[in-house]
Structures are given as structure tokens and as C-alpha cells.
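Protein chains: 2
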Amino acid sequence: MARSKQYNEEEVIEKAMGLFWRNGYENTSVRMLEKEMGINQFSIYSSFGSKNGVFLECIKSYKKKIHRITEILEKSNNGVAGIKQYFYDFLEFSKDDNGKKGCLVTNTVNELGEHGDPIIMTELKSFFNEIKTLFANSLKQDKNKTQETIEKQANYLATSMLGLSLASKILSGEQLEDFIETAFINL
Amino acid sequence: MARSKQYNEEEVIEKAMGLFWRNGYENTSVRMLEKEMGINQFSIYSSFGSKNGVFLECIKSYKKKIHRITEILEKSNNGVAGIKQYFYDFLEFSKDDNGKKGCLVTNTVNELGEHGDPIIMTELKSFFNEIKTLFANSLKQDKNKTQETIEKQANYLATSMLGLSLASKILSGEQLEDFIETAFINL
DNA sequence: TTTATTTCTAAGCATTTGCTTAGAATTGGG
DNA sequence: CCCAATTCTAAGCAAATGCTTAGAAATAAA
């Protein structure tokens, strides 16, 4: 038949994800993607259709990547203590060679707001709800919590994660730890 | 002498601020500023030097604007209850005709990260610390709180404000209220 | 080896970006 | 009224943006 692809799509998406993560969506140009992914624009467009298409694949890849730490929480049986551990795990997860990058999804929600591509925005909001459900399931492990309490605390913790993601970019490690410890008092 | 300016600098900056607030820094072009401010590019550049310059003035203007609600907290003497009220005041403050816009400063920190203009980033971080000091001063009004507790809770509340700013863009009013109520339990 | 098919390179497209500038319009002081 | 000072308009600059395309290079099946 013909020539075979000289790059692995998963691998180049992984690289693209890092670039979007560090720079945001709009501040990442196709030229930058070319360099980082190590393939030509033609290859990018024939594989992923558009810059938007590349980004959507990156979000999928990000979800897989963060599964490494959500999985720990899913399997743990420590109730709210497991969620606190997840907060610490996230800080480690989002650590870069030079500082923290926050959460890719959170960053993008903030950057694009309601002006972003609807498909992307739907993807991002669904991620927020997945995290909230994850937290709710952990909270159920704690006995003597009403359904209403679980609901509210899951909502509170998911929103606190947004704050942590943002704060990780400007606060010191000690301040971040203080935040987590205070956030979990009396839950 | 000569012709006099046909626009008021404070007024046009107010308009520019609204645009940056809704769209973010990078997604606001000089052409868009032209339209919104109602003046020509020449006027923009002769008055403010650069797009960066316009934005810096907008940050100043934003600080003045938000002083409307920080002032309430400064003058109140209700300790942590005053801070909770500030959270609600902020939601009202950041309300737009079509939804919430979050906090301009928070949005920009998240968007530009460490890649932004250093002068802007310094300005933004100082704002975060001002809010934290404001919270700490209110917490001092509550008796029987140690200095260490005040420090940690101020840090916690300032970080929670980051979360609230972000969450205001994607959560319902009810969810936001739940978040605030839960965040202030046992403080 | 030939050939059909797909991937690759690299140049180029129109549009938008932040910013500049030449010259016309305006307006105050003499 | 005149003229010098300052504003305005509008055109234009180079560079960067997302995306396309013509043609060379590679390769699997015949």
C-alpha cells in the first residue's frame, strides 16, 4: 500500500498537552505545537483536523493521566481523609519542573469562559461533575452523614479544588498545605 | 494653544475594563478596545502607551471599583461574619448582564500565570495579599483567636475566594451559596 | 521492479495581531 | 483673524495567527 505514519498519535498528543497546560489554549500556537509535537502542520491537521481537535484529544489524554490519582481515591475507603489525600496528590500531580501548572481543565474553563468552543466547554464542565461525584462517593463512606450533607460537602470540596488549582500558581508550598488543612477541619 | 481631548480617560478605561473582564487579556484585541472605548488607536496609544498600559490602568480602576465592597468589610466589625458577607457581596459585584465574570485579577493570574508581564503579575499578587490582610484584620475582631489561627484562616479564606471567583462562572446561584455556607462552618 | 497510495516537506493563503505615521481637522492664544 | 499646538482619522507596517496545498519522498502490494 503506502508509507506508514512516522509518529505515534498518543505520544504527540501527550507532548501537546504539556504545552497547552503550561501556556493555555490561546497562547499556544500551531507553530509551537509543530515544534513540541515534532511533526509538521500537515500531519497535525490530517490527524486531528484543527487546533481545537488537538486540544480535545489533549483533554482526553489529561483525563487519562489524572486517573492515576483519582483511581487512588476511588479505591481507598477512608472517607473524607481520602479526599484530603487527593488534594495533596493533586499538588504533586500538577507540579512542573518550574513551578505548578494548576489543573488543565480548570485553567481552560477560566480562560475560555462562555466564549469557548461549546464542545470543549461541555467536556470541561462534565469533568467538574465527575470530580464532584467522586468526592460524594468517598463522603458516603463516612457514616452518620445525611444525603444533604454529602451533597453540600461534595460541592464545597469540588469548588475548593478550583481554588487550590489557582492558588498553586501563586502560593508557597506551606501556604497550600495550610489551606488544605484548614479546609478539612470539621468535615 | 490647541485642540482639547474629546474623551475622558477615566471613562474610556472604565469601558476597557469591562471588555478585559469579560474576555480576558489575550482575547481582547486593540481593535475591540477601539470600538468599546469609542476612540481611535492613535488616542489609545498616545494616552496609555500600549495595550499593556491600558490594562494596567484597568487594574487600577478595578481596584477602585471593588473598593466599594472591601470598604464595607473594612468598616464592619463583625469578624468572620463580615467576611462571609463579603463573599456574597463579591458575587453581586461580579454579576454581569449575562452571567458572572469572576474577579478580573483572579482571571488574569490564571490566564497569564508566570508568562505575563512582570509588572502586571506583581500588581496582581499584591492584590491577593491586600485581600488576605483585609481578612486577617476582620478575623482579629473575633476574640479568642491566636495569631497563628488568624494567619491560617486568612490564607484559607483568600484561597477560597479564588475558588469562588472561578466557580461563579460555572455553578448555579444555589451551589455558590452552598459553597459559602459550608466554607464558613466552624471558623 | 513497478506502481498506487499515503505521508512528508515547505511554501503560501487570507486574516488578525500590536503598533506607527502622514496628513487633515480642530482650537486656543496672539 | 491667523497660526502654532494638539487632536483626530485612516491608511499602513511587519509579524503572527489558523489553515491549505502542490509536489517530493517513502513504502507496501503486485
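If you read the protein sequences in the order shown, they are chains A and B.
Start counting the first sequence at 1; every next residue gets the next number (full-length UniProt numbering).
Start counting the second sequence at 1; every next residue gets the next number (full-length UniProt numbering).
All C-beta atoms, glycine included, are put in the ideal place defined by N, C-alpha and C.
- Contact between B/Ile69 and B/Phe93 holds: their C-beta atoms lie close to 5 Å from each other, under 8 Å.
- Proximity to A/Trp21 across A/Thr146, A/Asn110 and A/Asp89 peaks at A/Asn110, based on C-alpha coordinates.
- According to DSSP, A/Gly99 shares a beta bridge with A/Asp96.
- Against chain A, the CB of B/Phe42 has no partner CB under 9 Å away; the residue lies outside that interface.
- In the DSSP assignment, A/Ile180 falls within the alpha helix (DSSP H) that extends over Gly173 to Ala183.
- Listed along chain A is no residue with a C-beta nearer than 9 Å to that of B/His67; the closest approach is about 22 Å.
- Within the same chain, Cβ atoms closer than 8 Å to the Cβ of B/Asn155 are found at Lys132, the five residues on either side in sequence being excluded.
- The DSSP-derived three-state label of B/Glu26 is coil.
- Measuring C-alpha to C-alpha distances from B/Phe90 to each of B/Glu10, B/Asn77 and B/Ala167 identifies B/Ala167 as the nearest.
- CA-to-CA, the gap between B/Asn129 and B/Gly113 works out to about 17 Å.
- Linking B/Asn137 to B/His115 through their CA atoms gives a straight-line distance of about 32 Å.
- A/Glu26 has a beta carbon lying within less than 9 Å of a beta carbon in chain B.
- The residue among B/His67, B/Ile72, B/Lys100 and B/Asn27 with its C-alpha nearest the C-alpha of B/Lys51 is B/Asn27.
- Here A/Ile59 carries a helix assignment [DSSP, helix/strand/coil].
- Residue-level contact by beta carbon holds for B/Asp178 and chain A, with a gap shorter than 9 Å.
- Residue burial annotation: B/Val30 is exposed, with fewer than 16 other C-beta atoms found within 10 angstroms of its C-beta.
- With a threshold of 16 other beta carbon atoms within 10 Å, A/Gly49 falls short and is exposed.
- For A/Glu130, the uninterrupted alpha helix (DSSP H) run begins and ends at Pro118 to Lys140, by DSSP.
- Identification of chain A residues near B/Thr182 by a Cβ-Cβ cut-off of 7 Å yields Lys152, Gln153 and Tyr156, ordered along the chain.
- In chain order, Leu166, Lys169 and Ile170 make up the part of chain B whose C-beta sits under 8 Å from the C-beta of A/Val109.
- By the C-beta density criterion, A/Asp97 is exposed, having fewer than 16 other C-beta atoms within 10 angstroms.
- Rounded to the nearest angstrom, the gap between the Cα atoms of A/Ala158 and A/Phe135 is 8 Å.
- For A/Gln147, the enclosing alpha helix (DSSP H) stretches over residues Gln147 to Ala167.
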